[in-house]
Amino acid sequence: MKKDKIEKRELKINRRTLLKGALAGAATTMLPLDRADASFKGFWESFFQKHFREMTVAEKKQVVERLEREYERKYKKAIKIGIEPAMPGVLFGYGLDVSRCIGCRTCVYACINENNQSRDPQVQWIQVLRFKHKDFLDWNKAEKYYDPKLVPEPGYFYLPVACQQCENPACTRACPTQATWQEPDGIIVVDYNWCIGCRYCMAACPYGARHFNWGEPGLTAADINPNTHYLGNRPRYKGVVEKCTFCIQRSRKGRYTACVEACPVGARKFGNLLDPKSEVRYAMEHKRTFRLKDDLGTHPKFFYFFDFEVGERFSG
Amino acid sequence: MIQTIKNFFIAWGSIFKGSAKYYLWLAFLACLMAIGVHAYIGQAEHGLIMSAMRDQVSWGFYISNFTFLVGVAAAAVLLVVPAYVHHDKPIKEIVLFAEMMAITALIMCIMFIMTDLGQPLRVWHILPPPIGMMHWPSSLLAWDVLALNSYLFLNIIVVFYVLYKLSRGEHYNMKSFIGFLIYLSIPVAVSIHTVTAFLYNAAFSRPFWSAALLAPRFIAGALSSGPALMLLVFQVLRKVTDVKIENKTLFRIATFITYAMAINLFFMGADLFKSFYPGTAEGTSIHYLFFGLHGKTNLVPYAWTSLITSIVAFLLILNKKTRENFVTLNIACVLMIVGIYIEKGMGLVIPGFTPDVLGEIYQYTPTATELLVSLGVWSFGAMVYTLLCKFALPVYTGKLRFAVEGKEPHEVRVRRPHVEEVPEEQA
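Written as structure tokens, this is what we have:
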């Protein structure tokens, strides 16, 4: 009887040892393909890294320390990775005044500088579309590669589109490994160390908001913003999906997102949807807002609105 | 038990005994595989940027091949049903080769998924807890992993068990557990292609994929192209080995294909009408597929090739004269495979992404890396099938028999092992 018990306990192998045994051979044979500079131990630890939500705070801290070392070795620059959790009573939302937007793409590049996107190949989280007034929201007539000498151009609307941070997201449902999920403050995040790069979320997203690292991210030490968050703007890997996180590294510390700060015409509003005094709530309550592809039932937390008459900007 | 393992290795030895032609064929496939591996190493090093896929068209040639091959795997059911449910003797004799083709197609499916992953080393994350974080039942991709692997293991168990029984000169009993597995493999075969269709259906922001007819069309297409491939393979088999397959059996399969193809074309017509007639924005992708959009027409040749080859193939196989003439039958089979390979591959995956969700048209054409890696996977599949056949043949034809304890060694000459059935099966 006693012996039985002991044997049973021995059989209780935890997930790590089980995997270590089963995959040890496979991992070593595949090692030379990748990361020639990383040590075997580093590879081992990153290979068996748990899903972010499965880790305890202590484990998260350990992982973050290792990642900071890895990044420093790779980019020759000290990078800080935060793991701040969502604040209670906060649900982030966004408002964008289409009548103000002049289509200058300042936000696109402010976003890139803040969020450490790959510069070459270039990854952009915000895509600005141009529509003729009469074709507004007719996707087949949207122009992404417009390039005039001066903006705004008479007769056009501009529509910046990034992640709509849906309440009912299609992408997180599609992910086969739960590598992307909605945080309690409403932000959809990706664990770049858990994503297998199958890109099913990209097929599912109705807004083209998810982007893939098709090649090794081209990022130099000079480009890097060292203030990062694990679920946000820390440097990404080749072969994983990334997306807008409402600048999680800023917003969770009560700051505006980079695009809000950069917008030269004040078209962008950001805040807590649960706070009746926030700018977003003001816009929602006083403007005629709309959401993109509302008929799909994704319930974006990204609201667009028109503040003044179409001709107003150019007539006066 | 030990004897069984020993016997397995004796049988295994038969794959090394072959003519010069056999070795030449294997060497040829090995060369193609080496080219594929070389291309894949380049992709692993530089990333999927070596493909033509981009954010706008985020799945391409690999997933196209995957989708077609799921159909080939599912198609084995067209022979499994008459063989095991209706005890159709001539079909039952060759059903083993159809099941082995399903095994091969599934292995290729898994390889195409692996080559498409950005982080293939992390694939274990898709396993159920406590190892991975499988997102079941939400993610259709998780369902696909379950369905494909279940079908793969079912077929492996069935094929090897049947061979084991045959090698001892015994018969398997459909009322035993293996019979249950064989029956189970029928709905699972249907499920793999259904779940794959649902995978596309689930991406609800892409109107081209959101037809309720998608799953039925997948099955009808699979039951035409898969058996067409089998018809060609069976003819090769009876030529290069001493397996006897009668013309009558092949023509019988051709009749099945005729029905499947008629249904497939009907479904296709229904889908085309529904997409074209209303002229709504939902039809934009299909318009791009058949006529191009804004002067961008790179899928147009694919679309018309697929449509024309499918119709010509159907006419050839519909007419009894051309169906029972091997020249025209083979032409029909090749045309049908080409037509459905395009329709279920490039013609399905790419228009789903074009125009993309924000209206952009990115013209996708596979790169050399994608073509060569795919060539590697296809030649690997051909090698797996060749070796499986080589392994099975001596047992199948009765040349190889193992003594069973307490019994005299079984007589060697059994030309058609499946014909002699146990009485209870006839009931």
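Here the protein sequences come in this chain order: A and B. Every letter in the first sequence is one number past the one before it in this note's numbering, and letter 20, counting from 1, is 24. Every letter in the second sequence is one number past the one before it in this note's numbering, and letter 249, counting from 1, is 320. Cβ coordinates follow ideal geometry from the N, Cα and C atoms, glycine included. All values reported here derive from a predicted model rather than from experimental measurement.
Same chain, Cβ closer than 6 angstroms to residue i, five either side skipped, listed in chain order
i: ASN197(A); result: GLN53
i: VAL428(B); result: SER276
i: VAL269(A); result: ARG104 and ILE106
i: ALA213(B); result: MET205, HIS206 and TRP207
i: ALA268(B); result: LEU285, ALA286 and PHE289
C-alpha distance - residue i paired with residue j, whole-angstrom precision
i: THR393(B); j: CYS199(A); result: 52 angstroms
i: GLN127(B); j: GLU49(A); result: 34 angstroms
i: VAL444(B); j: ALA110(B); result: 6 angstroms
i: ASP313(B); j: LYS163(B); result: 17 angstroms
i: GLY416(B); j: TRP218(A); result: 22 angstroms
i: ALA82(A); j: ARG193(B); result: 27 angstroms
i: TYR79(A); j: ALA225(A); result: 6 angstroms
i: GLY86(A); j: CYS267(A); result: 26 angstroms
i: THR138(B); j: TYR412(B); result: 9 angstroms
i: VAL141(B); j: ARG57(A); result: 34 angstroms
i: ALA325(B); j: LEU308(B); result: 17 angstroms
i: CYS102(B); j: ARG109(A); result: 50 angstroms
i: ALA273(B); j: ALA283(B); result: 11 angstroms
i: VAL165(A); j: GLY107(A); result: 11 angstroms
i: GLN306(B); j: TRP96(B); result: 17 angstroms
i: THR32(A); j: GLY46(A); result: Residue placement at THR32(A) is flagged as unreliable, the pLDDT there being 45, under the threshold of 50; the coordinate-derived value follows with that caveat. So the two alpha carbons sit approximately 13 angstroms from each other.
i: TYR435(B); j: HIS290(A); result: 44 angstroms
i: ALA98(B); j: SER450(B); result: 11 angstroms
i: GLU63(A); j: GLU69(A); result: 10 angstroms
i: GLY189(B); j: GLY201(A); result: 4 angstroms
i: THR322(B); j: GLU395(B); result: In the sequence as presented, Thr is not what sits at residue 322(B); that position holds Phe. Approximately 6 angstroms between the Cα atoms of the pair.
i: ASN276(A); j: GLY212(A); result: 25 angstroms
i: PRO191(B); j: LEU100(B); result: 24 angstroms
i: GLY29(A); j: LEU133(A); result: Bear in mind that a pLDDT of 46 at GLY29(A), under 50, signals an unreliable position, so the number given afterwards is only what the model happens to contain. If I take the Cα positions, the gap works out to 49 angstroms.
i: LEU84(B); j: MET171(B); result: The sequence shown places Gly at residue 84(B), not Leu. Going by the C-alpha atoms only, they are around 19 angstroms apart.
i: ALA384(B); j: SER356(B); result: 26 angstroms
i: PHE307(A); j: HIS55(A); result: 32 angstroms
Closest by C-alpha distance to residue i, when choosing among the options
i: ASP227(A); options: LYS64(A), SER122(A), PRO156(A) and ARG109(A); result: SER122(A)
i: GLU414(B); options: VAL229(B), TYR94(B) and TRP280(B); result: TRP280(B)
i: ARG177(A); options: GLN126(A), TYR204(A) and THR261(A); result: TYR204(A)
i: THR368(B); options: MET332(B), ILE421(B), ASN401(B) and MET104(B); result: ILE421(B)
i: LYS257(A); options: VAL155(A), PHE96(A), GLY107(A) and PHE47(A); result: PHE96(A)
i: VAL151(B); options: LEU255(B), PRO191(B), THR265(B) and ALA341(B); result: LEU255(B)
i: ALA287(A); options: ARG238(A), MET91(A), GLY222(A) and LYS273(A); result: LYS273(A)
i: LYS461(B); options: GLY89(B), ILE76(B) and ASN78(B); result: GLY89(B)
i: LYS345(B); options: VAL398(B), THR380(B) and PRO278(B); result: PRO278(B)
i: LYS138(A); options: VAL155(A), TYR150(A) and TYR160(A); result: TYR160(A)
i: GLY340(B); options: ASP215(B), ALA299(B), GLY292(B) and GLY363(B); result: GLY292(B)
i: PHE338(B); options: LEU211(B), ILE388(B), ILE263(B) and LEU285(B); result: LEU285(B)
i: VAL229(B); options: ASP159(B), ILE120(B), ALA173(B) and LYS160(B); result: ALA173(B)
i: PHE327(B); options: ALA145(B), ALA123(B), PRO153(B) and VAL108(B); result: PRO153(B)
i: LEU364(B); options: GLY430(B), MET121(B) and GLY297(B); result: GLY430(B)
i: VAL127(A); options: GLU246(A), ARG285(A) and LEU278(A); result: GLU246(A)
i: PHE44(A); options: HIS55(A), GLU74(A) and LYS65(A); result: GLU74(A)
Same chain only: Cβ atoms within 7 angstroms of residue i, ignoring 5 sequence neighbours per side
i: VAL466(B); result: ALA82, LEU234, LEU237 and SER238
i: GLY190(A); result: LEU95, PHE96, GLN169 and LYS305
i: PHE79(B); result: none
i: HIS303(A); result: CYS170, GLU171 and ASN172
Contacts around residue i, its chain only, beta-carbon distance under 8 angstroms, and the 5 residues preceding and following it disregarded
i: ASN144(A); result: none
i: PHE312(A); result: SER103
i: ASN117(A); result: ASP227, ASN229 and ALA262
i: GLY301(A); result: ASN172
Contact with chain E by residue i, beta-carbon distance below 7 angstroms
i: GLN190(B); result: Absent from the structure is chain E; the protein chains it does hold are A and B.
heavy atom of the ligand GDP below 6 angstroms from residue i C-beta
i: GLN121(A); result: For the ligand GDP, the structure offers nothing, since it holds no ligand at all.
Against chain A, which members of the segment 97–131 of chain B pass a CB distance test of less than 9 angstroms?
ILE112, ALA115, GLU116, HIS117, GLY118, LEU119, ILE120, MET121, SER122, MET124, ARG125, ASP126, GLN127, SER129 and TRP130
Listed from N- to C-terminal order along the chain, which residues in the segment 416–437 of chain B have their beta-carbon within a distance smaller than 7 angstroms of any beta-carbon of chain A?
PRO426, ASP427, VAL428, LEU429, GLY430 and GLU431
Could you name each continuous beta strand (DSSP E) segment of 3 residues or more that falls completely within the segment 156–227 of chain A, going from the start of the chain to the end?
160–165, 184–186 and 192–194
Extract the residue ranges of the alpha helix (DSSP H) inside the segment 193–280 of chain B, only unbroken runs of 4 or more that lie entirely within it.
Here the runs fully enclosed are 211–238 and 248–272.
Listed from N- to C-terminal order along the chain, which residues in the segment 213–243 of chain B have their beta-carbon within a distance smaller than 8 angstroms of any beta-carbon of chain A?
ALA213 and VAL216
Residues from the segment 43–57 of chain A in contact with chain B, defined by Cβ distance under 8 angstroms:
Answer set for the segment 43–57 of chain A: PHE51 and HIS55.
Please name the residues in the segment 174–186 of chain A whose beta-carbon is closer than 9 angstroms to at least one beta-carbon of chain B, in chain order.
ALA174, THR176, ARG177, ALA178, CYS179, PRO180, THR181, GLN182 and ALA183
In chain order, which continuous runs of the beta strand (DSSP E) of length 3 or greater are located wholly inside the segment 216–284 of chain A?
231–233 and 272–276
If you measure beta-carbon to beta-carbon, which residues of the segment 124–154 of chain A are closer than 9 angstroms to chain B?
PRO125, VAL127, GLN131, LEU133, ASP142, TRP143, ASN144, LYS145, ALA146, GLU147, LYS148 and TYR149
If the cut-off is 7 angstroms on Cβ atoms, which residues from the segment 333–364 of chain B count as contacting chain A, listed in chain order?
ALA352 and THR355
Taking only beta carbons into account, state which residues of the segment 192–205 of chain A come closer than 7 angstroms to chain B, listed in chain order.
TRP198, CYS199, ILE200, GLY201, CYS202, ARG203 and TYR204
Curious, which full-length alpha helix (DSSP H) runs of at least 4 residues does the segment 78–142 of chain B contain?
91–117
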